[in-house]
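Peer 1: Residue numbers (the UniProt record's numbering): 1 to 161.
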Amino acid sequence: MGGAGWARGEARVADDSDFEALKSLLASEVGWNLEYEKDGVKVWTEDAAHGALRTVKVVAEFDDVEPDALYDVLHDPEYRSVWDTHMLAAEDAGHINVNNDVGYYAMSCPAPLKNRDFVLQRSWLDTGNEKMILNHSVHHKDYPPRKGYVRSVLRITNMLH
Numbered sequence: 001m002g003g004a005g006w007a008r009g010e011a012r013v014a015d016d017s018d019f020e021a022l023k024s025l026l027a028s029e030v031g032w033n034l035e036y037e038k039d040g041v042k043v044w045t046e047d048a049a050h051g052a053l054r055t056v057k058v059v060a061e062f063d064d065v066e067p068d069a070l071y072d073v074l075h076d077p078e079y080r081s082v083w084d085t086h087m088l089a090a091e092d093a094g095h096i097n098v099n100n101d102v103g104y105y106a107m108s109c110p111a112p113l114k115n116r117d118f119v120l121q122r123s124w125l126d127t128g129n130e131k132m133i134l135n136h137s138v139h140h141k142d143y144p145p146r147k148g149y150v151r152s153v154l155r156i157t158n159m160l161h
């Protein structure tokens, strides 16, 4: 099972229940072990493993960053190369609708890790009071695993304000 109700690798339009699942996931501490807490950053690990995947939940609070600015920066593919020093490649793979797209991202990793790449669906919702972005790994026929990279699978990543 993927994050927020998606089957692993599935691409589909996110609906209200997916964003509600995101909020529940972030709010719940049941089944999670707090491993780290410092300077507004908390890291939990999940009690139950998902097969070979280790699930980690990270919550960071940024008092000096406006939510609108963070939301805009995360949506600006041209600006990403300015702040993301690990990005090796980023490509738009297509749009599902006006609030859901699919993209390819490749990143450098420090030794001894191999570089990683991802094919991700991004879904977003701005209600005025809340800004949410969901990402999860999907399959795309035009983006098979590439030589020199380890294809990474994200269950779910997100931003919520």
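The C-beta atom is built at its ideal place from N, Cα and C for all residues, glycine as well.
Note that the structure is predicted; figures quoted are calculated from it, not measured.
Which term fits residue 123, buried or exposed, when burial requires 16 or more other beta carbons within 10 angstroms of its beta carbon?
Peer 2: Taking the first residue of the sequence shown as position 1, residue 123 is located at position 123. Classification for residue 123: buried.
Peer 1: Less than 7 Å between C-beta atoms, sequence neighbours within five positions excluded: which residues of the same chain meet that for residue 125?
Peer 2: As a working mapping, residue 125 is identified with position 125 in the sequence shown. Here the set comprises 19, 99 and 132.
Peer 1: Count the other C-beta atoms from every protein chain shown that fall within 10 angstroms of the C-beta of residue 120, then say buried if there are 16 or more, exposed otherwise.
Peer 2: Start at 1 with the first residue of the sequence shown, and residue 120 comes out as number 120. The residue in question, residue 120, is buried, as its Cβ has 16 or more Cβ neighbours within 10 Å.
Peer 1: Give me the Cα-Cα distance between residue 148 and residue 129, rounded to the nearest whole angstrom.
Peer 2: Counting from one through the sequence shown, the residue named residue 148 turns up at place 148. Counting from one through the sequence shown, the residue named residue 129 turns up at place 129. Taking the straight line joining both Cα atoms gives about 42 Å.
Peer 1: For the alpha helix (DSSP H) containing residue 147, name the first residue and the last one.
Peer 2: Here residue 147 corresponds to residue number 147 of the sequence shown, with the count starting at 1. Premise fails: residue 147 is in no alpha helix (DSSP H) and is neither H nor E.
Peer 1: When you compare only the Cα positions, how much space is there between residue 30 and residue 160?
Peer 2: Counting from one through the sequence shown, the residue named residue 30 turns up at place 30. Counting from one through the sequence shown, the residue named residue 160 turns up at place 160. Cα to Cα, residue 30 sits roughly 19 Å from residue 160.
Peer 1: In this structure, does DSSP put residue 26 in helix, strand or coil?
Peer 2: For the purposes of this step, residue 26 is taken as the residue at position 26 of the sequence shown. Here residue 26 sits in helix by DSSP.
Peer 1: Going by other Cβ atoms of all chains shown within 10 Å of its Cβ, with 16 needed for buried, is residue 89 buried or exposed?
Peer 2: Along the sequence shown, one-based indexing puts residue 89 at 89. Its Cβ having fewer than 16 others within 10 Å, residue 89 is exposed.
Peer 1: Work out the CA separation of residue 136 and residue 155 for me, nearest whole Å.
Peer 2: As a working mapping, residue 155 is identified with position 155 in the sequence shown. As a working mapping, residue 136 is identified with position 136 in the sequence shown. Each residue's Cα considered, the two are about 5 Å apart.
Peer 1: Which ranges does the beta strand (DSSP E) cover as unbroken runs of at least 3 residues, wholly within the UniProt domain "START" (20 to 161), from first to last along the chain?
Peer 2: Within the UniProt domain "START" (20 to 161), the complete beta strand (DSSP E) runs of at least 3 residues are 32 to 38, 41 to 46, 56 to 60, 87 to 97, 100 to 107, 116 to 126, 131 to 137 and 157 to 160.
Peer 1: Cα separation between residue 67 and residue 145?
Peer 2: On the sequence shown, residue 67 is found 67 positions in, with the first residue counted as 1. On the sequence shown, residue 145 is found 145 positions in, with the first residue counted as 1. Going from the Cα of residue 67 to the Cα of residue 145 covers about 34 Å.
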